[in-house]
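Number of protein chains: 2
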Amino acid sequence: MMQLKRPVLLLDKAKCLRNIQKMISKAHKYQLAFRPHFKTHQSAEIGEWFRKEGVSKITVSSVMMAEYFANHGWDDITIAFPVNVAEASEINKLAERVSLNILIESHESLQMLTKTVNHSLGVFLKIDAGYHRTGIPIENQSEILALISEISNHKNLVFKGFLIHNGHTYSAKGKNEIQEIHGITLHKIRELKQFSEKHRIKSIVSIGDTPAMSVVDDFSFVDEIRPGNFVFYDVMQQNIGSCSLEEIAVALAVPVVAKHPERNEFVVYGGAVHLSKDSVLDNSGNQIFGRVVLLNEMGWGEPVGGTYVKSLSQEHGIIKTTDDFIKTVSIGDFIGILPVHSCLTAHLMGEYLTFRGERITTMLVMIQK
Amino acid sequence: MMQLKRPVLLLDKAKCLRNIQKMISKAHKYQLAFRPHFKTHQSAEIGEWFRKEGVSKITVSSVMMAEYFANHGWDDITIAFPVNVAEASEINKLAERVSLNILIESHESLQMLTKTVNHSLGVFLKIDAGYHRTGIPIENQSEILALISEISNHKNLVFKGFLIHNGHTYSAKGKNEIQEIHGITLHKIRELKQFSEKHRIKSIVSIGDTPAMSVVDDFSFVDEIRPGNFVFYDVMQQNIGSCSLEEIAVALAVPVVAKHPERNEFVVYGGAVHLSKDSVLDNSGNQIFGRVVLLNEMGWGEPVGGTYVKSLSQEHGIIKTTDDFIKTVSIGDFIGILPVHSCLTAHLMGEYLTFRGERITTMLVMIQK
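Residue numbers (this note's numbering), protein chains in the order written: chain U, 95 to 463; chain X, 95 to 463.
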């Protein structure tokens with residue numbers, strides 16, 4: 095293992111490339127436009143790995159992230175977040191130099207935005223197909239029609255279509271449940287398509303969630319997919335059934351700082367400011383904040399049985415383990431933690447280290463001295 | 095209200111100064127050394143507010159944080175985290191230029207550390223008085239004695255005393271429970287002191303938790319206090335009983351991006367990457383990720399009744415509210431969110447904005463373009 099000093103987010107580049115290639119193949123197979131969400135990795139360099147595979151359109155979650163990727167040569171960007179009208183002038187400036195799409199779900203946002211925008215701007219309607227986080231209910235055809243008509247009346251706005259994020263697949267347990275949720279959504283999308291055709295509305299349907307994009311084989315009536323998390327996957331996705339443990343491409347390397355064999359626990363330097371406080375329940379009903387792997391020169395192995403991150407403080411991680419494993423762990427060893435939610439871990443860490451020793455930066459700058 | 099564009103962490107400087115002064119007065123009243131934990135604010139500028147009040151000794155949670163504050167003129171620093179031996183050379187370099195204390199809780203750490211250290215270094219033993227996160231059990235006198243003897247044998251190491259973090263006060267419900275937990279700890283500390291005196295060990299006892307430091311009035315056998323969170327407080331501390339809502343000194347300002355009156359919810363641009371995923375249960379048993387306040391030119395008001403952050407995605411916050419309040423909220427408005435855990439929110443945001451429009455930086459650098 096390389097000489098490590100403190101918590102660092104290890105990236106297995108080969109796994110990451112396989113995840114990217116697999117999703118691209120799937121998009122090709124089903125003739126879907128592929129617009130991956132870059133909020134998971136937030137890195138210009140990892141963006142290049144997508145570009146080499148022919149990707150030219152991306153999704154981001156904020157105006158700042160759009161600016162960052164525009165500065166790194168991306169010129170077809172969807173900001174998949176209900177438009178923040180306070181950033182109307184930044185959006186307008188960005189629309190001048192790249193092909194930009196934003197999300198609208200209300201008359202109010204649209205009105206405020208159009209006071210500022212004087213460059214061509216693509217507009218998706220944010221549609222709620224059952225997740226109920228946000229968006230116009232997919233059944234609310236009169237509202238949808240009214241907004242499309244309003245968009246069409248603005249000379250700088252181009253109506254692009256319907257954007258759906260089926261985030262309720264994140265609470266699925268296994269592939270069958272993911273497929274079931276996805277199937278219900280497809281049925282609703284079909285009606286939306288029929289309604290669009292009836293009103294001669296030219297539009298595409300863009301959907302996004304990593305669980306469904308990873309496991310389903312029916313993309314009827316879908317034109318574009320926007321998964322993000324699949325680039326790294328994580329324990330949550332494996333728990334849902336979206337990926338195997340072998341596909342998880344990041345692990346937080348952390349040093350062991352204390353051992354408590356009397357309760358089969360050890361303490362690592364790696365806490366909530368490294369992993370985030372997201373957790374899942376494992377098969378035994380334990381709330382876990384990560385799974386533990388052994389690191390080697392080339393990557394990491396299978397998760398260690400009976401061993402998991404039990405709790406997190408700001409900088410401490412408490413690992414619950416077994417009689418056998420604790421005997422093999424020494425103070426100063428670095429172990430790996432597969433994160434529960436790789437998007438948040440990547441955001442907190444702000445950079446990656448590959449097994450060839452390359453440091454890969456993100457839009458987030460590291461700690462200053 | 096100032097012109098805001100995106101989520102920003104507002105800091106009410108007057109409240110923050112009152113929190114600082116109140117804790118300093120308490121330390122004076124009970125003749126306690128005051129070594130505040132700077133991991134909550136992580137800011138050189140806020141550090142100066144402490145210095146102006148006469149503070150000269152600080153606590154940090156990592157070697158990097160120690161380096162940052164050493165670079166800003168702090169020369170008496172305790173790293174209150176089980177020593178990470180992988181950073182032994184950084185610790186040694188730091189010990190050359192400032193008065194540095196570290197934490198030891200095992201023979202192994204001590205052995206590895208002393209291979210590198212050749213400057214004078216203060217050592218505290220990390221003692222577990224009942225929290226059971228880490229540390230040597232306070233009852234384990236033979237282990238304590240063995241380690242002190244080992245420390246004394248190293249010419250560069252100076253045994254300073256016993257460091258306790260009573261983190262189990264964080265699960266207390268109300269002042270009585272905090273006092274009860276603290277009382278049990280004081281009883282154990284008394285025995286530790288008697289034991290030290292019996293063995294003619296010169297030592298101090300340092301304790302740290304914000305809940306107890308905020309509410310108790312018995313500091314028998316305690317020499318030093320190290321609270322950190324009190325500088326800002328938060329919804330968790332108010333929930334525990336450590337502070338009033340009026341004492342919370344930070345609020346995340348976020349723009350409203352979508353409204354869903356049919357379910358009394360609205361969506362803000364402000365998610366897990368701004369607030370962190372820490373949550374508490376409110377009086378009605380709801381899991382909440384923050385409380386909502388109205389912002390004005392000078393600060394913010396009381397939390398809005400029946401209104402709370404119900405869930406967080408990466409960038410979305412979902413606010414549950416009432417029939418009445420949702421009518422008053424418009425797209426584009428900025429509202430305030432009192433964070434559940436201000437340490438993690440401050441870490442994620444990386445800077446503060448005061449109501450005089452001053453931007454206050456931390457050791458964490460902001461997003462690059």
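Cβ coordinates follow ideal geometry from the N, Cα and C atoms, glycine included.
Owing to the predicted nature of the structure, the values given are computational and were not obtained by experimental measurement.
> At a cut of 8 Å, does the region 390 to 406 of chain U reach the region 212 to 220 of chain X through at least three beta carbon pairs?
Replying inline: no
> Going by beta carbon distance, what residues of the same chain come within less than 7 Å of Asn-358(U), once the five residues before and after it are set aside?
Replying inline: If you ignore the 5 residues before and after Asn-358(U), its C-beta comes within less than 7 Å of the C-beta of Lys-414, Thr-415, Thr-416, Asp-417, Ile-420, all in its own chain and listed in chain order.
> Near Lys-463(U), which residues of its chain fall below 7 Å by C-beta distance, leaving aside the five closest residues on each side in sequence?
Replying inline: Low confidence applies to Lys-463(U): its pLDDT is 42, below 50, so where it sits in the model is not reliable, and the reading given next is rough at best. Nothing meets the Cβ criterion.
> Taking 9 Å as the CB-CB cut-off, is Asp-372(U) touching chain X?
Replying inline: yes
>> Buried or exposed, going by whether 16 or more other CB atoms sit within 10 Å of the CB of His-131(U)?
In response: buried
> So, is His-441(X) buried or exposed, given that buried needs 16 or more other C-beta atoms within 10 angstroms?
Replying inline: buried
> For the region 332 to 374 of chain U, which segments carrying the beta strand (DSSP E) assignment without a break, of at least 3 residues, lie completely within its bounds, in sequence order?
Replying inline: Inside the region 332 to 374 of chain U, DSSP marks whole beta strand (DSSP E) runs of 3 or more residues at positions 344 to 354, 359 to 363, from first to last along the chain.
> Per DSSP, Ala-121(U) is paired with what?
Replying inline: Answer is none; Ala-121(U) lacks a bridge partner.
> So, is the C-beta of Lys-133(U) closer than 9 Å to a C-beta in chain X?
Replying inline: yes
> CB-CB under 8 Å to Gln-408(U), same chain, minus the five flanking residues each way: which ones, in chain order?
Replying inline: The beta carbon of Gln-408(U) sits closer than 8 Å to the beta carbons of Gly-365, Ala-366, Val-367 from its chain, once the five residues preceding and following it are set aside; these are given in chain order.
> Going by Cα to Cα distance, which pick from Tyr-446(U), Gln-125(U), Met-159(U), Leu-194(U) is closest to Asp-169(U)?
Replying inline: Leu-194(U)
> How about His-68(U): is its C-beta nearer than 9 Å to some C-beta of chain X?
Replying inline: Since the first and last residues shown for chain U are 95 and 463, residue 68(U) lies out of range.
> Whose C-beta lies closer than 7 Å to the C-beta of Tyr-363(U) among residues of the same chain, with five residues either side of it excluded?
Replying inline: If you ignore the 5 residues before and after Tyr-363(U), its C-beta comes within less than 7 Å of the C-beta of Arg-100, Pro-101, Val-348, Pro-349, Val-351, Glu-409, all in its own chain and listed in chain order.
> So Ser-300(X) is in the alpha helix (DSSP H); what residue range does that whole segment cover?
Replying inline: Segment 298 to 301 is the beta strand (DSSP E) holding Ser-300(X); no alpha helix (DSSP H) there.
>> For Ser-203(X) and Ala-108(X), what's the separation of their Cα atoms in angstroms?
In response: Approximately 43 Å, taken between the alpha carbons.
>> Does Lys-463(U) come out as helix, strand or coil in the three-state DSSP assignment?
In response: Unreliable positioning characterises Lys-463(U) in this predicted model, as indicated by a pLDDT of 42, which lies under 50. A coordinate reading is not provided.
>> Please report whether the beta-carbon of His-468(X) lies at a distance below 9 Å from any beta-carbon of chain U.
In response: This structure cannot settle anything about residue 468(X), because the visible part of chain X is limited to 95 through 463.
> Is it buried or exposed for Pro-478(U), if we count other Cβ within 10 angstroms and need 16 for buried?
Replying inline: Limits of chain U in this structure are 95 at one end and 463 at the other, which puts residue 478(U) out of reach.
> Which of the residues in the region 166 to 197 of chain U, read from start to end, lie with their CB under 8 Å from any CB of chain X?
Replying inline: Residues of the region 166 to 197 of chain U whose Cβ lies closer than 8 Å to any Cβ of chain X, in chain order: Phe-175, Pro-176, Val-177, Asn-178, Val-179, Ala-180, Glu-181, Glu-184.
> Would DSSP call Phe-324(U) helix, strand or coil?
Replying inline: In the structure shown, Phe-324(U) sits in a helix (DSSP, three-state: H, G or I).
>> Any heavy atom of the ligand MG inside 8 Å of the beta-carbon of Ala-306(U)?
In response: This structure simply doesn't include the ligand MG, nor any ligand for that matter.
> Does the beta-carbon distance from Gly-384(U) to Val-434(U) come in below 9 Å?
Replying inline: Gly-384(U) places its beta carbon less than 9 Å from that of Val-434(U).
> Would a C-beta distance cut-off of 9 Å place His-276(X) and Asp-312(X) closer than the cut-off?
Replying inline: yes
> Considering only residues of the same chain and omitting the five flanking positions on each side of Phe-289(X), which have a CB-CB separation below 6 Å?
Replying inline: Gln-235
> Closest by CA to Ile-242(X), which one among Met-307(X), Gly-255(X), Lys-287(X), His-122(X)?
Replying inline: Gly-255(X)
>> So, does the region 315 to 325 of chain X touch the region 118 to 132 of chain X, judging by three or more C-beta pairs under 8 Å?
In response: yes
> Run through DSSP, which three-state label would Glu-445(X) get?
Replying inline: strand
>> Helix, strand or coil for Asn-270(X)? Go by DSSP, reduced to three states.
In response: helix
> Using a C-beta cutoff of 9 Å, does Ser-466(U) count as contacting chain X?
Replying inline: Residue numbering for chain U in the displayed model covers 95 to 463; residue 466(U) lies beyond these limits and cannot be assessed.
> To which residues of the same chain is Val-179(U) closer than 7 Å at the C-beta, ignoring the five residues directly before and after it?
Replying inline: Ser-203, Met-206, Leu-207
>> Contact criterion: CB-CB distance below 9 Å. Does Arg-357(X) meet it with respect to chain U?
In response: Residue contact with chain U for Arg-357(X): present (Cβ-Cβ distance below 9 Å to some residue of chain U).
>> Here's the rule: buried if 16 or more other CB atoms are within 10 angstroms of the residue's CB, otherwise exposed. What is Thr-422(X)?
In response: Thr-422(X) comes out exposed.
> Grouping DSSP H, G and I as helix and E and B as strand, with all else coil, what is Lys-99(U)?
Replying inline: coil
> With 16 as the cutoff for other CB atoms within 10 Å, does Met-457(X) come out buried or exposed?
Replying inline: buried
>> Would Ala-127(U) and Ile-258(U) qualify as a contact pair, given that the criterion is a beta-carbon distance under 9 Å?
In response: At least 9 Å separates the beta-carbon of Ala-127(U) from that of Ile-258(U).
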